[in-house]
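Report on one structure; see the data block that follows.
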Amino acid sequence: MIHAYDKNYLSKAQNNLASMLDFAVYDLEEDLSHFYLKFLQSKICSQFERGESTVIVGKSGVELALDIIGDETLASKYRPAANRTPEYWCGWALAYFQWQTNLGFKEINNYISISEILAMYSPYHEMDISQFCDKMIELYNKRKNNTNLKALRLDAGLSQSELAEISDIPVRTIQQYEQNQKNINAAKAETVVKLAKALNCTVEALMEAV
Numbered sequence: 000m001i002h003a004y005d006k007n008y009l010s011k012a013q014n015n016l017a018s019m020l021d022f023a024v025y026d027l028e029e030d031l032s033h034f035y036l037k038f039l040q041s042k043i044c045s046q047f048e049r050g051e052s053t054v055i056v057g058k059s060g061v062e063l064a065l066d067i068i069g070d071e072t073l074a075s076k077y078r079p080a081a082n083r084t085p086e087y088w089c090g091w092a093l094a095y096f097q098w099q100t101n102l103g104f105k106e107i108n109n110y111i112s113i114s115e116i117l118a119m120y121s122p123y124h125e126m127d128i129s130q131f132c133d134k135m136i137e138l139y140n141k142r143k144n145n146t147n148l149k150a151l152r153l154d155a156g157l158s159q160s161e162l163a164e165i166s167d168i169p170v171r172t173i174q175q176y177e178q179n180q181k182n183i184n185a186a187k188a189e190t191v192v193k194l195a196k197a198l199n200c201t202v203e204a205l206m207e208a209v
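Laid out in structure tokens, this is it:
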């Protein structure tokens with residue numbers, strides 16, 4: 000599996016997303032869902048999920064929250080938390096899942112809301128992070144109606160037979176990938192490159208979370 004960015008940045012990323020949500024909710028008194036929507040709509044979101052050092056290493060979670068709100072004068076509201084809150088865990092766990100799967104935050108939010116992740120605090124905060132990730136992947140795959148291949152094919156306005164002709168990949172093989180009878184992540188590089196070229200997308204866009 001291709002991770003979102005260098006693992007050396009992961010711990011800092013987790014702490015930043017965690018403290019960002021904690022500060023927004025408890026010190027700025029923002030509604031979690033409303034603030035998270037602001038995060039998704041900000042340029043910080045795409046920078047964060049790509050692992051840009053200026054965002055992950057260059058700023059604290061509090062600074063990220065202030066950038067999203069657009070008011071640095073609110074920094075005076077920061078009060079160090081005595082204990083790690085459910086919102087802190089929510090950000091910490093979500094950052095790990097995003098790094099592990101290389102899914103964008105918006106893509107994750109399309110199927111699993113931030114409030115639902117917060118509701119997973121009990122019992123998952125007491126478990127290994129891998130168990131949280133397994134649950135997230137289960138929910139994501141269950142709710143996602145189409146594989147990336149099928150979604151991209153439909154977006155391109157192609158039938159399976161048309162894609163087969165353009166890519167020189169058998170129709171049956173395309174059907175098996177679209178129906179998850181075969182794992183496209185385990186496909187030969189040549190096959191995925193042909194499909195990506197035919198669909199005018201990147202190889203990564205065809206990969207699934209699991």
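Counting along the sequence shown from 1, when you hit position 129 you're at 128 in numbering that gives the first Met the number 0, and nothing is skipped either side.
Glycine residues also receive a C-beta, built at the ideal position from the N, C-alpha and C atoms.
Computed from a predicted structure; not experimentally measured.
Taking C-alpha atoms, which residue in the options lies nearest to residue i?
i, options, result
"A74", "S59, R83 and Y139", "S59"
"Q13", "Y87, Y25 and E51", "Y87"
"V191", "G69, Q180 and T172", "T172"
"K141", "H2, N82, A81 and N179", "N179"
"A188", "K11, G90, I168 and Y139", "I168"
"A94", "M206, T53 and K6", "K6"
"F104", "C44, G90 and D30", "C44"
"T146", "I68, L36, Y8 and M206", "M206"
"R78", "V24, K11 and A195", "V24"
"D26", "L39, A80 and Y35", "A80"
"K149", "Y139, I183, K11 and Y123", "I183"
"N199", "Q175, L151 and Q174", "L151"
"F47", "K76, K196, L102 and I68", "L102"
"S166", "L9, K196 and S32", "K196"
"L9", "F96, F131 and N144", "F96"
Counting C-beta neighbours from all protein chains within 10 Å, is the total for residue i 16 or more, i.e. buried, or is it exposed?
i, result
"T201", "exposed"
"E28", "exposed"
"M119", "buried"
"I1", "exposed"
"E203", "exposed"
"A208", "buried"
"A213", "An answer regarding residue 213 cannot be provided, because it is not within the stretch 0 to 209 covered by the chain."
"L153", "exposed"
"A163", "buried"
"G57", "exposed"
"G90", "buried"
"E137", "exposed"
"N108", "buried"
"M126", "exposed"
Is residue i near the ligand COA, in the sense that its beta carbon is under 8 Å from a heavy atom of that ligand?
i, result
"A64", "In the structure shown, the ligand COA is absent, as is every other ligand, since no ligand is present at all."
- Tell me, please, whether the stretch 110-120 touches the stretch 149-164 by the rule of three or more beta-carbon pairs shorter than 8 Å. Three or more beta-carbon pairs separated by less than 8 Å are not found between the stretch 110-120 and the stretch 149-164, which leaves the two stretches without contact.
- Message: Across the stretch 7-25 and the stretch 50-67, are there enough close Cβ pairs to call them in contact, namely three or more that are closer than 8 Å?
- Response: The stretch 7-25, when compared against the stretch 50-67, does touch it at the 8 Å Cβ threshold.
- Query: Quick check: the stretch 18-26 against the stretch 85-101, are there 3 or more CB pairs under 8 Å?
  - Reply: In this structure the stretch 18-26 touches the stretch 85-101; the number of beta carbon pairs closer than 8 Å is three or more.
- Item | Complete runs of the alpha helix (DSSP H) confined to the stretch 63-93 [at least 4 residues] | Complete alpha helix (DSSP H) runs here, min 4: none at all.
- Which ranges would you report for the beta strand (DSSP E) in the stretch 131-157 if only whole runs of at least 3 residues count? As far as the stretch 131-157 is concerned, it has no whole beta strand (DSSP E) run of at least 3 residues.
- Task: Identify every run of the beta strand (DSSP E) within the stretch 94-126, keeping only runs that are complete inside it and at least 3 residues long; order them along the chain.
- Result: The beta strand (DSSP E) runs lying completely inside the stretch 94-126 and spanning 3 residues or more number zero.
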